[in-house]
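Engineer:
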Amino acid sequence: MTLIKKKSLYFAIDGSILNTSTKAVKKNLQNGQLELKIRNANFDRLFCVGDINEIFNGLEEMGQHVDNVEIVYTLCFDAFTDFDWFVRTVCCSKNPDQGINQIDFKSDWWYMDNLAEKYFKNDGKVDILNEQKGNRIFIPDPKGDGQDIIAWFDSIDKQKKGI
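Sequence positions in the sequence shown follow my numbering and run 2 to 164.
1. Whole angstroms is fine: what's the gap from Arg40's alpha carbon to Asp155's?
2. Less than 6 Å between C-beta atoms, sequence neighbours within five positions excluded: which residues of the same chain meet that for Ser22?
3. Give the single residue among Asp15, Lys28, Leu76, Phe121 whose Cα lies nearest to the Cα of Ile104.
4. Look at the alpha carbon of Ile138 and the alpha carbon of Tyr11, and state the distance between them as a whole number of angstroms.
5. Count the other C-beta atoms from every protein chain shown that fall within 10 angstroms of the C-beta of Gly125, then say buried if there are 16 or more, exposed otherwise.
6. Indicate the three-state DSSP secondary structure (helix, strand or coil) for Ile1 in the structure shown.
7. Among the residues of its own chain, which have a CB less than 8 Å from the CB of Asn32, if the five just before and after it don't count?
8. Less than 7 Å between C-beta atoms, sequence neighbours within five positions excluded: which residues of the same chain meet that for Val26?
9. Determine the direct distance from the alpha carbon of Gln133 to that of Gln34, and round the result to whole angstroms.
10. Determine, using beta carbons only, whether Gly51 and Ile14 come nearer to each other than 7 Å.
11. Under the rule that 16 or more other beta-carbon atoms within 10 Å means buried, what is Lys95, buried or exposed?
Structural data, given as structure tokens:
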């Protein structure tokens, strides 16, 4: 019996999907282009590990239930266009303070966050950062147009195809 590994993408919103200056979806990720690249690279699960999860946790502690995934979809709308696929695929971190320690490094994991260096260093995972930066760990330009992210997903897709 062969076990199939789930392919997981851990991602932040601000600085990765949204431009930190404009707070809008980066130009080259719009019109569903990010979703298309993620699907082409065969990701099974997406984990939002951004700081927004701290807000969700605070609201929950105050007794206010919010649909975290729906809010993430709304913030990232236009990078993603298929709501049903999004809610089936994305989950939000319950413990954003745990940072990098939430990643199952034995799985087929990938990480996209403009603050990746900070988090990997803070969690004592500099060796993984140095080994995987530019491969499994991608640090996008927080003020860029998203072309760097498109290129990264294209490289993942090529690895999948053995090109």
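Cβ coordinates follow ideal geometry from the N, Cα and C atoms, glycine included.
Structural biologist: For this structure:
1. When rounded, the separation of the alpha-carbon atoms in Arg40 and Asp155 is 11 Å.
2. The residues are Lys144.
3. With distances taken between Cα atoms, Ile104 lies closest to Phe121.
4. Rounded to the nearest angstrom, the two C-alpha atoms are 9 Å apart.
5. With fewer than 16 other Cβ atoms within 10 Å, it is exposed.
6. Residue 1 falls outside the range modelled here, since the chain spans only 2 to 164, and no answer is possible.
7. By the criterion of a C-beta distance shorter than 8 Å, Asn32 is surrounded in its chain by Asp79, Thr82, once the five residues flanking it on both sides are discounted.
8. When the five nearest sequence neighbours on each side are left out, the beta carbons in the same chain lying within less than 7 Å of the beta carbon of Val26 are those of Ile18, Leu19, Cys77, Asp79, Ala80, in order along the chain.
9. Cα to Cα, the separation comes out at about 24 Å.
10. Contact: yes.
11. Here Lys95 is exposed: its Cβ has fewer than 16 other Cβ atoms, across all protein chains shown, within 10 Å.
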